[in-house]
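Shown next, in structure tokens, is the structure this report addresses.
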Amino acid sequence: MKKILITGITGQDGSYLTEQMLELGHEVHGLVRRVALEDPTRRFTRLDHLLERVKLHPASLESYPSIFHVLSRQQFDECYHLAAQSFVAESFADGFSTMNTNINGTHYMLAALRELQPQCKFYFAGSSEMFGKVRETPQNEETPFHPRSPYGISKVAGFDLTRNYREAYGMYCVSGILFNHESPRRGFEFVTRKITSTVARIMLGVATELRLGNLDAKRDWGHAADYVRAMHLMLQQPEPDDYVIATGETHTVREFCERAFGKVALDYRDFVKVDEQFYRPAEVDLLKGDATKARRVLGWEPRHTFEELVDEMVNADLAAISEGNDLTQRRLETAT
Numbered sequence: 054m055k056k057i058l059i060t061g062i063t064g065q066d067g068s069y070l071t072e073q074m075l076e077l078g079h080e081v082h083g084l085v086r087r088v089a090l091e092d093p094t095r096r097f098t099r100l101d102h103l104l105e106r107v108k109l110h111p112a113s114l115e116s117y118p119s120i121f122h123v124l125s126r127q128q129f130d131e132c133y134h135l136a137a138q139s140f141v142a143e144s145f146a147d148g149f150s151t152m153n154t155n156i157n158g159t160h161y162m163l164a165a166l167r168e169l170q171p172q173c174k175f176y177f178a179g180s181s182e183m184f185g186k187v188r189e190t191p192q193n194e195e196t197p198f199h200p201r202s203p204y205g206i207s208k209v210a211g212f213d214l215t216r217n218y219r220e221a222y223g224m225y226c227v228s229g230i231l232f233n234h235e236s237p238r239r240g241f242e243f244v245t246r247k248i249t250s251t252v253a254r255i256m257l258g259v260a261t262e263l264r265l266g267n268l269d270a271k272r273d274w275g276h277a278a279d280y281v282r283a284m285h286l287m288l289q290q291p292e293p294d295d296y297v298i299a300t301g302e303t304h305t306v307r308e309f310c311e312r313a314f315g316k317v318a319l320d321y322r323d324f325v326k327v328d329e330q331f332y333r334p335a336e337v338d339l340l341k342g343d344a345t346k347a348r349r350v351l352g353w354e355p356r357h358t359f360e361e362l363v364d365e366m367v368n369a370d371l372a373a374i375s376e377g378n379d380l381t382q383r384r385l386e387t388a389t
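Mapping of the sequence shown onto the numbering used here: residues 54 to 389, in sequence order.
Rendered as structure tokens:
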């Protein structure tokens, strides 16, 4: 049995990773903000079914002493640093908080581990947003970074910090450069969940339109459950290294809408409105990952298709918001 520490355990990736670690028989610990412990009903919705099997510790990524306090009392075999301000639009609205949380939080975790338990393997959650204004397609581990948002910049800094601790101090530190990964546990502010939840609300009759930004933006979308498997595999290798995790396929936001609305026999063009307020100040038009290295070294392959991902998200939102609704049932019966 290994002792696993997960920051961001209450998020989408954290919940899937927790499930996987428990299935492997490991002891799972999570860092959470104290405010979350005071409001578990709302803050732990993704972990409800796991709370009795994990150990949670109050700490703040913005406080080195609180991180040091936890690490001084528990010895861990692996640390998965997933916590971050990860909503790109919010990073434009509040770049200072994004930088402070994402960069300092990563630095604090690495510094505390080096001081107290340098043998602990460390995973940093990188992002395809680090590539930003891409110089080549598809993007791999050698593609130069050109981030186009405060979020992307903060992730580049975290990537460089992680590599520096590996090279300077000999610690087992890796970065996963994960392309967009979604699931029914995705936050409602993200475009994919915004689409699928609004489809469900339209079916229920409590919404009539969906306002989005750039419908032609292309993303490489995968399933979060597949991507956390890759995280774990990275820390099981003889030597630490960095890996791109992606499906290698791209789809536009428009295609996501078409599939999601089509799942309930609706035409997205009747409901989707383009709203310029949702355009980014600096747009990232195309992200497509080359996960050849991960496939070769880690033996990793995605198990979900794009179509299966969208369908699962729509079905989950329909079940959550419209259970027992006759109109929804009739729509589903006539949908292909």
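No residue lacks a Cβ here, since even glycine has one placed at the ideal position from N, Cα and C.
If you're wondering where the values come from, they're calculated on a predicted model, not measured in any experiment.
Per DSSP, the beta-bridge partners of L231 are S180, I298. Taken atom to atom, the span from the alpha-carbon of H304 to that of G64 is near 24 Å.
Contact annotation: L84 and H110 have beta-carbon atoms nearer than 8 Å. Of all alpha-carbon atoms in H285, M366, L351, T345, the one lying nearest the alpha-carbon of F243 is that of M366. Scanning the stretch 334-379 from its first residue to its last, the whole alpha helix (DSSP H) runs of 4-plus residues come out as 359-374. Distances from the CA of H199 to each of P191, F212, F184 were compared; the closest alpha carbon is that of F184. Here the stretch 255-275 makes contact with the stretch 318-325; the two share three or more CB pairs at distances below 8 Å. The DSSP assignment places complete beta strand (DSSP E) segments of no fewer than 3 residues inside the stretch 241-313 at 263-265, 296-298, in order along the chain. Its chain contains T249, S250, A253 as the residues whose beta carbon lies nearer than 6 Å to that of D370, once the 5 sequence neighbours on both sides are disregarded; these appear in chain order. The closest CA to that of Q138, considering only Q127, F129, T151, E131, is found on T151.
Taking all protein chains shown into account, M162 has 16 or more neighbouring C-beta atoms within 10 Å of its C-beta and is therefore buried. For K108, the number of other beta carbons within 10 angstroms of its own is below 16, and it is reported as exposed. According to the DSSP secondary-structure assignment, F175 is paired through a beta bridge with C132, C226.
Non-local beta-carbon contacts of A112 in its own chain, meaning distances under 6 Å to residues more than five positions away in sequence, involve L84, S119, I120, V123 in chain order. In this structure, DSSP gives E194 a state outside helix and strand, which the three-state scheme calls coil. DSSP, read as helix, strand or coil, puts E80 in strand. Residue pairing from DSSP places H110 in a beta bridge opposite L84.
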